[in-house]
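Residue numbers (our numbering), protein chains in the order written: chain A, 1 to 312; chain B, 313 to 803.
Ideal Cβ positions, reconstructed from N, Cα and C, are used throughout, including at glycine.
Note that the coordinates shown come from a computational prediction; the quantities given were computed from them, not determined experimentally.
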Amino acid sequence: MKNLRIDKLFLILFALSVAVATTSCYQEEDLNMNKEIIGLGGEDIAQNEIDQWLYTNFVQPYNIEVKYKWDQFDADLTYTLVPPREDVVIPIMSCIKQAWIDPYEAIAGSTFVKKYCPKKYVLVGSPRYNSSGTITTGEAEGGRKITIYRVNWYESNDKELIQTMMKTVHHEFAHTLHQTIRYSEEYMNITPGGYTSSWTNVEAEEAQKLGYISPYACASPDEDFVEMIARILVYGKENFDNYVDEALAIYNDPARNSGMAYDPADALRQKEAIIITYLKDVWGIDLYDPAPGVKGLETLVQEAINSICSQE
Amino acid sequence: MKNKFLFALMAVFALVACTPENYSVFEESPDERVAKVLKEYESILLGSENGWILTLETGTSGAYNHWVKFLPNNRIQMLSDAEGTSLSRFQGSSSVIYESSYRLKSVTTPILMFDTYNYIHMLADPNPAINGGDSGEGLVTDFEFSLGKYSKETKTLTLKGRYNKSRATMRECTAEELTAIQSGCFKTIHTNFIDYISENYKYPVVKLNDKKVDIELSSRTAALKFINENDEIETSSSSGYLDLTGAKSDVISSLFFLDPLTYYDINIDAIRYDSGKMFVQLEDGSKVEIVENGFPALPLRFGYKQDYTSIRTQPDNIEGSLDERFLTNVYNAANKSINGNGGRSLVYMNVAFQKNATSGLEEMKLVVRYKNTAGSQYNATWIFQFTKNPDGTITFTDRDQTGSSNERGQEPYVKLIPDYFCTFEYDGYSTSSKTGTWDQNKARVTKVTPHTFKLDWAENKTPGLSSSLGGFYPTEEAHLAEFGVLCGILN
Chain A
1 MKNLRIDKLF LILFALSVAV ATTSCYQEED LNMNKEIIGL GGEDIAQNEI DQWLYTNFVQ
61 PYNIEVKYKW DQFDADLTYT LVPPREDVVI PIMSCIKQAW IDPYEAIAGS TFVKKYCPKK
121 YVLVGSPRYN SSGTITTGEA EGGRKITIYR VNWYESNDKE LIQTMMKTVH HEFAHTLHQT
181 IRYSEEYMNI TPGGYTSSWT NVEAEEAQKL GYISPYACAS PDEDFVEMIA RILVYGKENF
241 DNYVDEALAI YNDPARNSGM AYDPADALRQ KEAIIITYLK DVWGIDLYDP APGVKGLETL
301 VQEAINSICS QE
Chain B
313 MKNKFLFALM AVFALVACTP ENYSVFEESP DERVAKVLKE YESILLGSEN GWILTLETGT
373 SGAYNHWVKF LPNNRIQMLS DAEGTSLSRF QGSSSVIYES SYRLKSVTTP ILMFDTYNYI
433 HMLADPNPAI NGGDSGEGLV TDFEFSLGKY SKETKTLTLK GRYNKSRATM RECTAEELTA
493 IQSGCFKTIH TNFIDYISEN YKYPVVKLND KKVDIELSSR TAALKFINEN DEIETSSSSG
553 YLDLTGAKSD VISSLFFLDP LTYYDINIDA IRYDSGKMFV QLEDGSKVEI VENGFPALPL
613 RFGYKQDYTS IRTQPDNIEG SLDERFLTNV YNAANKSING NGGRSLVYMN VAFQKNATSG
673 LEEMKLVVRY KNTAGSQYNA TWIFQFTKNP DGTITFTDRD QTGSSNERGQ EPYVKLIPDY
733 FCTFEYDGYS TSSKTGTWDQ NKARVTKVTP HTFKLDWAEN KTPGLSSSLG GFYPTEEAHL
793 AEFGVLCGIL N
């Protein structure tokens, strides 16, 4: 009995202490609602001429943020990279504006661009050197953020460099378009056998013989679709026509056509036709000039690139 | 009983767990404190009127000095001392001010980053065309730093690179230093240092633990070369930075190492210049002079399959280095004699160690190259047998011609040269192809006098010649006295 009583005593004591503990902690908190939150709204960095130019040309009209100042969290930590030279930022971004935004805007209108454009551009001074010995010149994260590498190599008369850069920009934007509204299923059935995850091992001629515009296009139907759009726009229709003719020549050449099961030129033309229809029906965009004197997207992009490269 | 104690314990905890007062160690919130620290750093950076000297380590090629002036609105101006070391892309970096931006930010610690391109990024650039580093690596350095302590006494900030962990310091630049930098000393301290070394030293050595040790010097790195306990050549190297003392016209900058240069238990902290002499400065502050040795302190490894396998002696090319006795009594005498044979003359002589393909024995091949009056050049070749002696010397015991008419025809005129290694006496010698084949001539040899030599470095006394010289030092006094030492350029 005695034991039981002591146990009870302890129990009561415990219950009491818990009760005290839970109530005694209440106190009035000094909540100063007017206290300033430090760092709210980002860092306070002085704006320079470049920042103002970017604000006027990208942030204000399109809500596109262009990051050119080094930020570890925007760069890939596994690679040695350096920030851009300040003097290339405006030339690079005006190039992107002229050869990407302006042509789309002229045909599809400013609302279209504002609605679908990626919201962030990150500029990196050097290329990204990969362990495979290749370099990366551009990449995109989910259609939202586009990273342009090796901007420090920019020279206004280096057409190849500008085309490579613009190809990345158009490539990524085309992804946004098909992710918004899907292209026809037929596209995937034109050259279904050639898609491979090991596209890096596909040689350029092999891709051509299979009816792809580039080795990268062999990665998947989506990549194929956007590579077609980007390359036709950036390298031009004439270049594409030559590529198709060359594919046909290989197909017709007994010395070179062994193992070819279908006509790659025909495949490329089928893909082109689907793209023309897709852009027109879905987005109201003419890829090529719809009538004499009326400029299509390809003409506008080509004119922009040629005008950039002819500048001193 | 167990339960009781448990309850009791919990009761005690419950009673003490609650401290009703809101108690904070700091008066301000973490955000406020971070902002305050950054403000402090900013005022330190902006506070140095003459800017800062930023010394930055690279993983590949020593440390580099930068002059950095922090301006309001996140701007900086920069100069670099990279120009002094033959990197073409850095041309002008010691004199043309490059402006870009910087940022102070808190990322777990306060950091300073140079966030648009400047000279400092050229060192880190992964493009090998910029800085000569490995593709994708650059010179393995940083442009984003964790900020460490600021010492008011030395006016120095300690930094640490965030990507490659490069060490760096920023020291407030004095007015005097700024004047020197503005007049281009970032370039001249390097060019003067390099010129001083190359003008005053061909084979600098320093005596450590009573042994001469080779020391290689450049304006960002230095290395000691010596034979270690395992009889292997060991290289100890360290990288560092030049101070600005060399901005004065009659002074050469000192090179301070980031990590000491070590020789066994000796640590060397710096290469110091003092009144026309160069010293290594040891850990305890004492100095040991660097002296010109004329040839390397490392033993010469000369022979078949060694570091060097041959020497070439062309007197015009090694003027001042070749022993006068050899020149007069061997080379020039032979040249005069072959001149008498239709105006022929010597071009050079070459001594090479090789292995005989048939016997598998090591042998020495002597080539005497000569030309005729038409200018056509020919080789007269002798093959020598030799023995290696326990004291490291070698003795040439016999020699043969190769069967070519060149040496058969010319031996009577240039005989002094093959005889220098192994002297033959003939009772008659025929140059005719019928009666003077090598077998026939060798049968008439009446006396063979072998000669013994020590092979070692020879002092390079030829102005403007950077090649290492090796020599055959006769061990017989009479031979040495008459014919001297043969030396030539090692290959």
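First and last residue of the beta strand (DSSP E) that includes residue i?
{"i": "Asp731 (chain B)", "result": "Note, Asp731 (chain B): premise wrong, no beta strand (DSSP E); alpha helix (DSSP H) at Leu728 to Phe733."}
{"i": "Met743 (chain B)", "result": "Strictly speaking, residue 743 (chain B) in this sequence is Thr, with Met absent from that position. No beta strand (DSSP E) contains Thr743 (chain B), which DSSP labels as neither H nor E."}
{"i": "Leu536 (chain B)", "result": "Thr533 to Ile539"}
{"i": "Leu357 (chain B)", "result": "Unbroken run through Leu357 (chain B) is the alpha helix (DSSP H), Pro342 to Gly359; no beta strand (DSSP E)."}
{"i": "Met590 (chain B)", "result": "Lys589 to Leu594"}
{"i": "Cys799 (chain B)", "result": "Leu798 to Leu802"}
{"i": "Trp364 (chain B)", "result": "Trp364 to Glu369"}
{"i": "Phe58 (chain A)", "result": "Where Phe58 (chain A) is concerned, there is no enclosing beta strand (DSSP E), given that its DSSP letter is neither H nor E."}
{"i": "Val603 (chain B)", "result": "Lys599 to Glu604"}
{"i": "Asp768 (chain B)", "result": "Val757 to Ala770"}
{"i": "Ile101 (chain A)", "result": "Taken as a continuous stretch (DSSP letters only), Ile101 (chain A) belongs to no beta strand (DSSP E), as it is neither H nor E."}
Please check if any C-beta of chain A sits within less than 7 Å of the C-beta of residue i.
{"i": "Glu425 (chain B)", "result": "Looking at the sequence provided, one finds Met at residue 425 (chain B) rather than Glu. Judged by the 7 Å Cβ criterion, Met425 (chain B) is in contact with chain A."}
{"i": "Gly450 (chain B)", "result": "yes"}
{"i": "Ser373 (chain B)", "result": "no"}
{"i": "Asn512 (chain B)", "result": "no"}
{"i": "Asn386 (chain B)", "result": "yes"}
{"i": "Ser447 (chain B)", "result": "yes"}
Check the Cβ-Cβ distances between residue i and every residue of chain B, and say whether any is below 7 Å.
{"i": "Val339 (chain A)", "result": "In the structure as shown, chain A begins at 1 and stops at 312. Residue 339 (chain A) is therefore absent and cannot be evaluated."}
{"i": "Gly125 (chain A)", "result": "yes"}
{"i": "Ala174 (chain A)", "result": "no"}
{"i": "Ile45 (chain A)", "result": "yes"}
{"i": "Lys2 (chain A)", "result": "With a pLDDT of 49 at Lys2 (chain A), under the threshold of 50, the modelled position of this residue cannot be trusted; read the value that follows with caution. No, no contact with chain B."}
Residue i lies in the alpha helix (DSSP H); which residues open and close that run?
{"i": "Ile501 (chain B)", "result": "Cys497 to Asn512"}
{"i": "Thr164 (chain A)", "result": "Lys159 to Thr180"}
{"i": "Thr699 (chain B)", "result": "Premise fails: Thr699 (chain B) lies in the beta strand (DSSP E), Gln689 to Lys700, not in any alpha helix (DSSP H)."}
{"i": "Ile275 (chain A)", "result": "Pro264 to Trp283"}
{"i": "Ala255 (chain A)", "result": "Unbroken run through Ala255 (chain A): none, as it is neither H nor E."}
{"i": "Glu86 (chain A)", "result": "Glu86 to Ile96"}
Just how far apart, CA to CA, sit residue i and residue j?
{"i": "Pro127 (chain A)", "j": "Thr164 (chain A)", "result": "12 Å"}
{"i": "Ile356 (chain B)", "j": "Ala347 (chain B)", "result": "14 Å"}
{"i": "Lys667 (chain B)", "j": "Ser531 (chain B)", "result": "42 Å"}
{"i": "Tyr647 (chain B)", "j": "Leu673 (chain B)", "result": "A quick correction: the sequence has Asn, not Tyr, at residue 647 (chain B). Going by the C-alpha atoms only, they are around 32 Å apart."}
{"i": "Lys68 (chain A)", "j": "Leu297 (chain A)", "result": "The sequence shown places Tyr at residue 68 (chain A), not Lys. Distance between the alpha carbons of Tyr68 (chain A) and Leu297 (chain A) is about 28 Å."}
{"i": "Leu233 (chain A)", "j": "Phe240 (chain A)", "result": "9 Å"}
{"i": "Pro84 (chain A)", "j": "Pro438 (chain B)", "result": "13 Å"}
{"i": "Ser548 (chain B)", "j": "Gly558 (chain B)", "result": "26 Å"}
{"i": "Ile285 (chain A)", "j": "Asp263 (chain A)", "result": "29 Å"}
{"i": "Asn476 (chain B)", "j": "Thr372 (chain B)", "result": "12 Å"}
{"i": "Val89 (chain A)", "j": "Asn157 (chain A)", "result": "16 Å"}
{"i": "Asp199 (chain A)", "j": "Ala207 (chain A)", "result": "This sequence places Trp at residue 199 (chain A); Asp is not what is there. About 9 Å."}
{"i": "Leu634 (chain B)", "j": "Lys519 (chain B)", "result": "27 Å"}
{"i": "Asn753 (chain B)", "j": "Ile630 (chain B)", "result": "35 Å"}
{"i": "Gly396 (chain B)", "j": "Arg613 (chain B)", "result": "35 Å"}
{"i": "Ile275 (chain A)", "j": "Ala267 (chain A)", "result": "13 Å"}
{"i": "Ser258 (chain A)", "j": "Val202 (chain A)", "result": "17 Å"}
Hey, residue i and residue j: beta-carbon distance below 7 Å or not?
{"i": "Thr705 (chain B)", "j": "Thr764 (chain B)", "result": "yes"}
{"i": "Leu416 (chain B)", "j": "Glu354 (chain B)", "result": "yes"}
{"i": "Gly211 (chain A)", "j": "Thr196 (chain A)", "result": "no"}
{"i": "Phe58 (chain A)", "j": "Ile64 (chain A)", "result": "yes"}
{"i": "Lys80 (chain A)", "j": "Gly374 (chain B)", "result": "The question names Lys, but residue 80 (chain A) is Thr in the sequence shown. Taking 7 Å as the Cβ cut-off, Thr80 (chain A) and Gly374 (chain B) do not qualify as a contacting pair."}
{"i": "Val517 (chain B)", "j": "Phe538 (chain B)", "result": "no"}
{"i": "Ser360 (chain B)", "j": "Gly496 (chain B)", "result": "no"}
{"i": "Ile432 (chain B)", "j": "Ser458 (chain B)", "result": "no"}
Check whether the Cβ of residue i sits closer than 6 Å to any heavy atom of the ligand FAD, and report yes or no.
{"i": "Val603 (chain B)", "result": "Looking for the ligand FAD in the displayed structure turns up nothing, as the structure carries no ligands at all."}
Along the stretch 664-690 of chain B, where does the CB come closer than 8 Å to a CB of chain A? Name the residues. none
Taking beta-carbon pairs under 7 Å, can you tell me which members of the stretch 85-117 of chain A lie near chain B? Arg85 and Glu86
Output, in sequence order along the chain, the residues in the stretch 429-440 of chain B whose CB is closer than 7 Å to any CB in chain A. Tyr429, His433, Ala436, Asp437, Pro438 and Asn439
Please name the residues in the stretch 127-156 of chain A whose beta-carbon is closer than 9 Å to at least one beta-carbon of chain B, in chain order. Pro127, Arg128, Tyr129, Asn130, Ser131, Gly133, Ile135, Arg150, Asn152 and Trp153
Near-chain B residues of the stretch 54-72 of chain A - C-beta to any C-beta below 8 Å: Tyr68, Lys69, Trp70, Asp71 and Gln72
Note down, in chain order, all residues in the stretch 228-249 of chain A with a beta-carbon under 8 Å from any beta-carbon belonging to chain B. none
Residues in the stretch 703-734 of chain B with C-beta within 7 Å of chain A's C-beta atoms, listed in sequence order? none
For the stretch 465-478 of chain B, enumerate the residues whose C-beta is nearer than 9 Å to any C-beta of chain A, in chain order. Arg474, Tyr475 and Asn476
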